[in-house]
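The block underneath contains the structure these notes are about, expressed in structure tokens.
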Amino acid sequence: MRTLLVWLAGGLSLVGSSQAALASGWNMPVGVTDLSREIYTLHMAIFWICVVIGVIVFGVMFYSLIRYRHSKGAKAANFHENTTVEILWTAVPLLILIGMAVPATATLQKIYDPSDAELDVMITGQQWRWRYEYLGEDVAFNSNMSTPRAQIRGEEERGENYLLEVDEPLVLPINRKVRFLFTSDDVIHAWWVPDFAVKQDTIPGFITENWVNINEPGIYRGQCAELCGVDHGFMPIVVHAMEEDDFDTWLAERQEAAAEEALGVDREWEMDELMERGESVYGSICSSCHQPEGQGSPPAFPALAGNEEMLADIEWHKDTIINGVSGTAMPSFRTTLNPVELAAVITYTRNAWGNDTGDAVQPSEIAERLER
Amino acid sequence: MAPKVPPQPTLEQSSTAVEAGHGHAHAAPPKGIMRWLLTTNHKEIGSLYLIFSLIMFFIGGIFALVVRAELFQPGLNLVNPEFFNQMTTMHGLIMVFAAVMPAFTGLANWMIPLQIGAPDMALPRLNNFSFWLLPVAFTLLLSTLFMPGGGPNFGWTFYAPLSTTYAPPSTTFFILALHIAGVSSILGAINIIATILNMRAPGMRMMDMPLFVWTWLITAFLLIAVMPVLAGVITMMLMDINFGTSFFNAAGGGDPVLFQHLFWFFGHPEVYIMILPAFGIVSAIIPAFARKRLFGYASMVYATSAIALLSFLVWGHHMFAVGMPLAGQLFFMYSTMLIAVPTGVKVFNWVTTLFRGSISFEPPMLFALAFVVLFTIGGFSGLMLAIAPADFQYHDTYFVVAHFHYVLVPGAVFSIMAGVYFWLPKWTGHYPHLRLSQWHFWLSVIGVNLTFFPMHFAGLAGMPRRIPDYALQFADFNLVSTVGAFMFGFSQLLFVAVVVLCVRGGKKAPAQAWGEYADDLEWTVPSPAPLHTFETPPTFQRPAH
Amino acid sequence: MWGVIKSVLAAFLGVQKDQQRRADFEHGSAAAFIVVGVVMTAVLVGVIAMVAILAAR
Amino acid sequence: MSRNETESQDVKVRRTVWRSVAALVGMFAFAFALVPLYDVFCRVTGINGKVDTTAQALVHDEVDESRMVTVQFITRNGSGLPWRMDVETRQVRVHPGQTSEVNFTFNNQSNAVSWGRAVPSVSPSTATRHVRKASCFCFEEQRLEAGERIEMPLVFQLARDLPSEVNTVTLVYTLYPVEGKQQSPLQAGVKTIEGDEA
Numbered sequence: 001m002r003t004l005l006v007w008l009a010g011g012l013s014l015v016g017s018s019q020a021a022l023a024s025g026w027n028m029p030v031g032v033t034d035l036s037r038e039i040y041t042l043h044m045a046i047f048w049i050c051v052v053i054g055v056i057v058f059g060v061m062f063y064s065l066i067r068y069r070h071s072k073g074a075k076a077a078n079f080h081e082n083t084t085v086e087i088l089w090t091a092v093p094l095l096i097l098i099g100m101a102v103p104a105t106a107t108l109q110k111i112y113d114p115s116d117a118e119l120d121v122m123i124t125g126q127q128w129r130w131r132y133e134y135l136g137e138d139v140a141f142n143s144n145m146s147t148p149r150a151q152i153r154g155e156e157e158r159g160e161n162y163l164l165e166v167d168e169p170l171v172l173p174i175n176r177k178v179r180f181l182f183t184s185d186d187v188i189h190a191w192w193v194p195d196f197a198v199k200q201d202t203i204p205g206f207i208t209e210n211w212v213n214i215n216e217p218g219i220y221r222g223q224c225a226e227l228c229g230v231d232h233g234f235m236p237i238v239v240h241a242m243e244e245d246d247f248d249t250w251l252a253e254r255q256e257a258a259a260e261e262a263l264g265v266d267r268e269w270e271m272d273e274l275m276e277r278g279e280s281v282y283g284s285i286c287s288s289c290h291q292p293e294g295q296g297s298p299p300a301f302p303a304l305a306g307n308e309e310m311l312a313d314i315e316w317h318k319d320t321i322i323n324g325v326s327g328t329a330m331p332s333f334r335t336t337l338n339p340v341e342l343a344a345v346i347t348y349t350r351n352a353w354g355n356d357t358g359d360a361v362q363p364s365e366i367a368e369r370l371e372r
Numbered sequence: 001m002a003p004k005v006p007p008q009p010t011l012e013q014s015s016t017a018v019e020a021g022h023g024h025a026h027a028a029p030p031k032g033i034m035r036w037l038l039t040t041n042h043k044e045i046g047s048l049y050l051i052f053s054l055i056m057f058f059i060g061g062i063f064a065l066v067v068r069a070e071l072f073q074p075g076l077n078l079v080n081p082e083f084f085n086q087m088t089t090m091h092g093l094i095m096v097f098a099a100v101m102p103a104f105t106g107l108a109n110w111m112i113p114l115q116i117g118a119p120d121m122a123l124p125r126l127n128n129f130s131f132w133l134l135p136v137a138f139t140l141l142l143s144t145l146f147m148p149g150g151g152p153n154f155g156w157t158f159y160a161p162l163s164t165t166y167a168p169p170s171t172t173f174f175i176l177a178l179h180i181a182g183v184s185s186i187l188g189a190i191n192i193i194a195t196i197l198n199m200r201a202p203g204m205r206m207m208d209m210p211l212f213v214w215t216w217l218i219t220a221f222l223l224i225a226v227m228p229v230l231a232g233v234i235t236m237m238l239m240d241i242n243f244g245t246s247f248f249n250a251a252g253g254g255d256p257v258l259f260q261h262l263f264w265f266f267g268h269p270e271v272y273i274m275i276l277p278a279f280g281i282v283s284a285i286i287p288a289f290a291r292k293r294l295f296g297y298a299s300m301v302y303a304t305s306a307i308a309l310l311s312f313l314v315w316g317h318h319m320f321a322v323g324m325p326l327a328g329q330l331f332f333m334y335s336t337m338l339i340a341v342p343t344g345v346k347v348f349n350w351v352t353t354l355f356r357g358s359i360s361f362e363p364p365m366l367f368a369l370a371f372v373v374l375f376t377i378g379g380f381s382g383l384m385l386a387i388a389p390a391d392f393q394y395h396d397t398y399f400v401v402a403h404f405h406y407v408l409v410p411g412a413v414f415s416i417m418a419g420v421y422f423w424l425p426k427w428t429g430h431y432p433h434l435r436l437s438q439w440h441f442w443l444s445v446i447g448v449n450l451t452f453f454p455m456h457f458a459g460l461a462g463m464p465r466r467i468p469d470y471a472l473q474f475a476d477f478n479l480v481s482t483v484g485a486f487m488f489g490f491s492q493l494l495f496v497a498v499v500v501l502c503v504r505g506g507k508k509a510p511a512q513a514w515g516e517y518a519d520d521l522e523w524t525v526p527s528p529a530p531l532h533t534f535e536t537p538p539t540f541q542r543p544a545h
Numbered sequence: 001m002w003g004v005i006k007s008v009l010a011a012f013l014g015v016q017k018d019q020q021r022r023a024d025f026e027h028g029s030a031a032a033f034i035v036v037g038v039v040m041t042a043v044l045v046g047v048i049a050m051v052a053i054l055a056a057r
Numbered sequence: 001m002s003r004n005e006t007e008s009q010d011v012k013v014r015r016t017v018w019r020s021v022a023a024l025v026g027m028f029a030f031a032f033a034l035v036p037l038y039d040v041f042c043r044v045t046g047i048n049g050k051v052d053t054t055a056q057a058l059v060h061d062e063v064d065e066s067r068m069v070t071v072q073f074i075t076r077n078g079s080g081l082p083w084r085m086d087v088e089t090r091q092v093r094v095h096p097g098q099t100s101e102v103n104f105t106f107n108n109q110s111n112a113v114s115w116g117r118a119v120p121s122v123s124p125s126t127a128t129r130h131v132r133k134a135s136c137f138c139f140e141e142q143r144l145e146a147g148e149r150i151e152m153p154l155v156f157q158l159a160r161d162l163p164s165e166v167n168t169v170t171l172v173y174t175l176y177p178v179e180g181k182q183q184s185p186l187q188a189g190v191k192t193i194e195g196d197e198a
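Protein chains in written order, with full-length UniProt numbering: chain A, 1 to 372; chain B, 1 to 545; chain C, 1 to 57; chain D, 1 to 198.
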């Protein structure tokens, strides 16, 4: 009986998948992992079961509504219970549900198998970006939405991947089991890529995990799926899945670039350089809260333009950016930005929008402060 | 705190036989506003509840239309994301706590004493108090929108730490408002339980009670069980925000996931609080217009109790994505699937009641039939959501939004409207205007489906909930939804028109306004029901058919 | 007692004959039904939990 | 309705009300009781990666040399604490049953005394119950003088009954300031004055 049901479900889902191909963009994506396909099959199976039950129930209902109209002189029968029928319509749904629970349990068991990952990626949610760290590989970066605000405001034509594009996508190899560790710096976010059928909440102070083994190279897009504040709608996820060789090359390049950036810490930076770099860091990291012109949006996000506390005390300024402020949305940037970026953004905020203090903070100074 | 109350009318004369408008021996009630402020009459308080919830339904509806208008096209067109979040949050809070729940309480106030043959609620002064808490609570809640930093912006589920550490300063007022609304619901629930258990007409046993009374009794028990948990959760939030505790703050050794467990331990039974009375209303209307006794009365009562008990075991299905261990995931999946069985029993019972009946389509019946179909669709998507692996894809998308709106709008809200159309002749003495009611029904049904059906597709295609702007592939779905939402919203003005016209006049209704199969006790008193009824308890007789 | 359990079991499934139901309500006390109902709910929780834990292994 | 019946009904109503109120109070208390219950439940079952924070006795039984498990250590900074937290090694490979020690350093980089607390979390959650810690700084409040640097060991063992599918265990420590105990030098001064007056 059970096997029969599973077969039935499978058969129905085949019908479903051919239809889904016709109506892509209306249904759950089949996805590019074994698990996402399995979940899609479950989804279609339960969907068709619901359709069949619906057709029967609504069929009887509408038949009755048409056949037994008072206006056509229908006379009501007088029955109001029938134990056999009642037992039947309790038992049959129960069996159908058991038939559904079996494959669903099997799929869940596969999802909960943490063994034998070849690559660990730590994913941190932060208002409102994602941070990816390749554990043990010395590669880490932030991933911000790259859709220009002008498109959102409708001043520019919207691109094909409007709101689903980032400055730096997460790059993953195909055919390798990749383990994700999730956590958050502030509130709860949820990392979701429909094509992987992975949706996991990121919880501050706690760590959760999930994994993926991608079958096909490509670019896969998703979004944050847990309300996380003002820009919840603007923290997309883009994953670039590559052939294994390409991934290894990419990883080596990233490691090299990180090493190069580290060398830049020791040299003396010009004011212009710092301002230029700072502007780009500010634009991707700070401006979503403190606003592009530093005007902030009090009371949650104080203005930086003309902020007396910040301008009067450079040490306090550095301290706030490096360590954050507890109990507020201001996180610690100690590890999420490198010394060059920290120095640049401090310099920028002390000199932009009429804050003309003339202070230039050197990366070496910040690096020394982080090490001491 | 309780307002000064006019002296209780003395029982000198049975009023059941007395025509409304003359022959009353009661002390004249205070005039003007004081009459409404001080009333202890269950019918007047019922009307107050219903009027209040109708006003709130429109306020919550306006918030929904702001949300839908913003989502009409991609881009930030009308409001900024901060205000958008306040609108989604307020829409949810107002609709749940200020529209749907008070509407059911209003119907309970009006109808339960009439249906069980009691002269009034058991605790009339408490009744007055619990109503007047509501305007206070929701004026306070709405006023947070004008406070610095804005109103609540963390969704109606107010997950910590977004609602604690990262919340706007007005959150303390939000908590206070919710506390007051909670006290109001609890007092209402106590009153209903005390009335039903102690004030039934002689000869009416529990199993003789109309299903609306039964479902409300079970709902009231649920309220008493879970509203204190909500009070506990928001008290913990209050302490985290203002007194430095760390219930939900990881930094102090707390756990944000604990918040979700506590919230949904309240929240899932809360969902049933909003739907069980609807089952009762529909179970009264369908037999009346199918001219046939309800199929399986007893199994309806049992299924309602089973749903209520099971509702305490399924909260984890709201949290499949937080990283529960496998056994927990499976437990909540199985228990959630199980709850589909008694729910199915109810639908089958209604359909079988229709089978071989003699069916006519008066306005209350139209809404009740739409309820059965559309609530069942919401039930199907609920069943899909119960499958934990598939829920990873559905969770927090528009698929969920579609699901719970199908259960709550053509579910709870349609049942309330069906109930209003059903009982309007009893309340006003007139039948509702037929043509207008039909227009209201058809525009509402079309509007509701235009609004919420495309959301299924948007969710499956990958659109998350609670976003103020969306990727271009979701544009068509959202456009249709918005058109539907405005259609549904404006067609509710017809509802107001029908009610107002019905109060002022219309075709006169007899005592037993909907024929011999609407035969509960409320149909034995004249239409409109006089202010005081059943001061001499009626003799209850079991229905002949 | 068996009768009460049978009735509650029937109630869980939402199946109950009108006659049986009348008999219950004429003879049984409400408290017995409530207690048995709660106990059976606890048993149900145990059963589901056991199945879940076994399946999770 | 006779006077007598009315009274008895009042009594019945009153009884119902009191019972409801008792249930209410019970449920309100239950909500708060859920907090410690949940905590205990989590520790017993390991849900949520919540770790038992008391020191446990290590078990000196046989080491399972047929199995190697990778234990990863990750340190993270919550906002508002001017400390640097480091771990001497990012990961170790151990046999179940084997006792290992890893050193963590805490460094107060500011020029004021401050209190911090490292909150631990373990993944996968099925492994949580099988991580035994003999000495740990988790959850304990640490006080560091301005510029002070301390080293603290974590002595741990993986239980031999660690589920077989687990071959990587991740321990994450997030460093948070202790609320209400941080003070800037200025505030410290004010406090002393108040203390004098008292």
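Note that CB positions come from ideal geometry on N, CA and C, so glycine has one too.
Please decide whether residue i counts as near chain D, where near means a Cβ-Cβ distance under 8 Å.
i, result
"Phe-247(B)", "yes"
"His-261(B)", "yes"
Distance, Cα to Cα, residue i vs residue j?
i, j, result
"Ala-529(B)", "Arg-19(D)", "33 Å"
"Ser-415(B)", "Val-373(B)", "12 Å"
"Ala-21(A)", "Asp-64(D)", "Per-residue confidence for Ala-21(A) stands at a pLDDT of 45, beneath the threshold of 50, marking its modelled position as unreliable; the derived number appears in the next sentence. In a straight line, the C-alpha of Ala-21(A) is about 51 Å away from that of Asp-64(D)."
"Leu-164(A)", "Leu-65(A)", "48 Å"
"Val-169(D)", "Asn-77(D)", "20 Å"
"Phe-79(A)", "Ile-34(C)", "30 Å"
Check whether the Cβ atoms of residue i and residue j lie closer than 8 Å to each other.
i, j, result
"Leu-207(A)", "Leu-170(A)", "Before going further, note that residue 207(A) is Ile rather than Leu in the sequence given. No. Outside cutoff."
"Ile-366(A)", "Pro-339(A)", "yes"
"Ala-31(D)", "Gly-232(B)", "yes"
"Thr-89(B)", "Pro-148(B)", "no"
Strictly below 7 Å CB to CB, what residues from chain G border residue i?
i, result
"Leu-330(B)", "In the structure shown, chain G cannot be found, because the protein chains are A, B, C and D."
Where DSSP assigns a beta bridge to residue i, which residues make up the other side?
i, result
"Pro-236(A)", "Gln-223(A)"
"Gln-142(D)", "Gly-116(D)"
"Asn-107(D)", "Arg-84(D) and Arg-149(D)"
"Ser-8(D)", "Answer by DSSP bridge pairing: none, since Ser-8(D) is not bridged."
Would residue i count as contacting chain B if we go by Cβ distances under 8 Å?
i, result
"Tyr-176(D)", "yes"
"Ala-49(C)", "yes"
"Val-87(D)", "no"
"Gly-37(C)", "yes"
"Val-45(C)", "yes"
Within 8 Å (strictly less), CB to CB, does residue i reach chain C?
i, result
"Thr-105(A)", "yes"
Please go through the stretch 415-487 of chain B and give each complete alpha helix (DSSP H) segment of 4 or more residues, from N-terminal end onward. 434-460
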